[in-house]
Amino acid sequence: MNQQAPIASDNAGKAGTVRLTMAQAVARFLTRQMTVIDGETVPIFGGVFAIFGHGNVAGMGEALHGIKDTLPTYRAQNEQGMANAAIAFAKASFRRRFMACTTSIGPGALNMVTSAALAHVNRLPVLLLPGDVFANRRPDPVLQQIEDFGDGSMTVNDCFRPVSRYFDRITRPEQIIPALRRAMQVLTDPADCGPVTLALCQDVQAEAYDYPESFFAEKIWLPRKARPDTQERLAASTAIAAAKKPIIIAGGGVLYSEASAALAAFAEKHGIPVVETQAGKSSLPDSHPLNMGSVGVTGTSAANTLAEEADLVLAVGTRLQDFTTGSWALFKNDGLKIVGLNVQSFDAAKHESLPLVCDAATGLAELSADLGAYHAGSAWGDKAATLKTEWQAAAGTALAATNVTLPSDAQVIGAVMRVRKGDTTLVCAAGGLPGELHKLWRAEKPGSYHMEYGFSTMGYEIAGGLGVKLAKPDSDVIVMVGDGSYMMLNAEIASSIMLGAKITIVLLDNAGYGCINRLQMATGGANFNNLLRDTHHVELPTIDFAAHAAAMGAVTRKVASLAELETALVETAGEIRTTVIVIDTDPLITTDAGGHWWDVAVPEVSERDAVGEARRAYERALAAQRVG
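Mapping to full-length UniProt numbering: the sequence shown position 223 is 223, numbers consecutive.
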């Protein structure tokens, strides 16, 4: 029976109601939630990813079938992969649109917990709908049900509580009415945005209820543009007006507010250099004269030099996490003041910042009006310009073409940038590549740099690329991934082919976890258990990544040089199927220019001299941290 039609029953026909199962009510509700993009009213849910099992196939499965022509359901290969794709869709949509994911109970649900944490840390909306145990408890213990000896209400879905912005367990069909309304408030709220988990008891999914027709009325959700408090705004503008060496840290909130134009106007009018976090990269074009590039542990020399001297930091839409602040050892000016412009007061007030709780675009515009003709001065601007020129020369050296047998990550990045230009969106996540890309990738358009580094989730890359492609079908989506991340989660290659969502995957094979191996060495550790050659093994695996990806239907190439990589990128640009290009790389080389110390604790006691030396260096570095 089509879900959109009322279900016949003895109780049907009440005025102003429609009789549906709980699952059908959920599905219908999702189709009625809308937003406005570029003047066009569109569904706010871009689709539903589903892997069915006994806990959701009869309820949610039947309900989603009934609306498949209105709200598409996508079949994934792995629950974590599909949730990662849904989160990437939301990020690529600047949080204006998002997706839902449904699974059975048990391992299917638990596979999404990592993704929920990823979304929670990154403040990204996703609706998670795992099945749950029987509310009536008659068949206890049902398949995949854990049994807590001291709590009969505990299920695996309780693992979602600490990594959800809102959690609810639906044990009666009418409970979905307030729960879904609350879910939408959280998913669309700029400050509280994050994952919502509604655990759907499987028997209740199939129970019918007379839902009020008003519950299914079409509703348009528009982003809230909160204005700053007058007192906070005046305190912030007074602090900025007194600054001689101000900088702006642009975080992901700039992109989610769609405030790039406002940021450019503010920086240009007041002569303030801009540095970018991983989430905020692409807020300004790389070519903009005031964009100093990445900041912090993976920062450019230009950005970090200015940050060290800055007497004021205007932190716009950033969490100020340790990679951004160099573990709070980057800023060295004793008179430093921080203005935290953020929609979330939790972030705005960090480290005794002057909080300015508001939308990024709105706040920048009102601050600029308060500042009037204030300008940071030509000397500060000239220094920034000189530093940028010096950094660009250093970056050019790292990116340059070479015929070396095993190229560095940076040299591979250079090859990709030389060939793939235009409307390209770069996708990456964990490992050594994010550091190199943060420094070196030249993003010219807001959202063209898509990095998951808030939770640094290995395995995000390929599923994330799929989500980006679904959100931006006209973009040339390039995923850069190491062999370690590829091995963790690659099955959504098959999903991308099923959906006709072509992505280009450049797979850098350094035979292990090269990034962590370098960190191990930097902290005095012996090469141990990271590169494959340093593991306990009887035989080293010889993995043919090109053949593996081809077995899932991808177009594949294994290339032996940077020149062959560039040729392959040109030749496969017109392919309509997902393409995987594999190149061997050196696990030990990283870009020396730029960067900053990162607080990674070194053992106080060790029998190894190298660890003792690293510990002494670590203690010296700790002295530079700004405590509190």
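Ideal placement from N, C-alpha and C gives every residue a C-beta, glycine not left out.
Span of the alpha helix (DSSP H) around Phe29 | Met22 to Thr31
Let me know if Lys14 comes out buried or exposed under the rule of 16 or more other beta-carbons within 10 Å of its beta-carbon.
-> exposed
Asn111: first and last residue of the uninterrupted alpha helix (DSSP H) it sits in = Per DSSP, Asn111 belongs to no alpha helix (DSSP H) and is neither H nor E.
Measure the C-alpha to C-alpha separation of Pro190 and Arg224 and round it to an integer number of angstroms.
-> 7 Å
Could you say which of Ala526, Tyr460 and Glu619 lies nearest to Glu79 if we only look at CA atoms?
-> Tyr460
Does DSSP classify Ile87 as helix, strand or coil?
-> helix
Three-pair Cβ contact test at 8 Å for the stretch 536-547 versus the stretch 603-623 = no
State the start and end residues of the unbroken beta strand (DSSP E) segment that holds Asn342.
-> Lys337 to Asn342
Neighbour-count burial assignment, Lys502, 16 or more Cβ in a 10 Å radius | buried
To the nearest whole angstrom, what separates the beta carbons of Ala593 and Ala443, a pair I think is in contact under 8 Å?
-> The Cβ separation is near 19 Å, so there is no contact.
Start-to-end residues for the alpha helix (DSSP H) that takes in Met498 = Glu492 to Met498
For Val468, which of His54, Ala23, Ala90 and Gly55 has the nearest alpha-carbon?
-> Ala90
Tell me, please, whether the CB atom of Thr567 is closer than 8 Å to any CB atom in chain B?
-> Going by chain labels, chain B is absent from the structure shown, which holds only one protein chain.
Extent of the continuous alpha helix (DSSP H) run through Asn304 = Ser301 to Glu309
Can you give me the Cβ contacts of Gly484 inside the same chain, cut-off strictly under 6 Å, excluding the 5 residues immediately before and after it?
-> Tyr513
Three or more C-beta pairs closer than 8 Å, one from the stretch 234-252 and one from the stretch 273-292: is that the case here?
-> yes
Beta-carbon proximity list for Cys515, same chain, < 6 Å, skipping 5 on both sides = Gly431 and Gly432
Reduced DSSP secondary structure (H/G/I, E/B, other) of Asn78 = coil
Are the beta-carbon atoms belonging to Asp192 and Arg165 less than 8 Å from one another?
-> yes
Use the C-beta contact count for Ile37: other C-beta atoms within 10 angstroms, 16 or more gives buried, fewer gives exposed.
-> exposed
Using three-state DSSP, classify Glu539 as helix, strand or coil.
-> coil
What span of residues does the alpha helix (DSSP H) with Ile462 cover, start to end?
-> Tyr460 to Ala471
Exposed or buried, which one is His438 when buried takes at least 16 other CB atoms within 10 Å?
-> buried
His270 versus Leu234: straight-line alpha-carbon distance, rounded | 17 Å
Beta-carbon separation of Ile177 and Ile170 under 8 Å?
-> no
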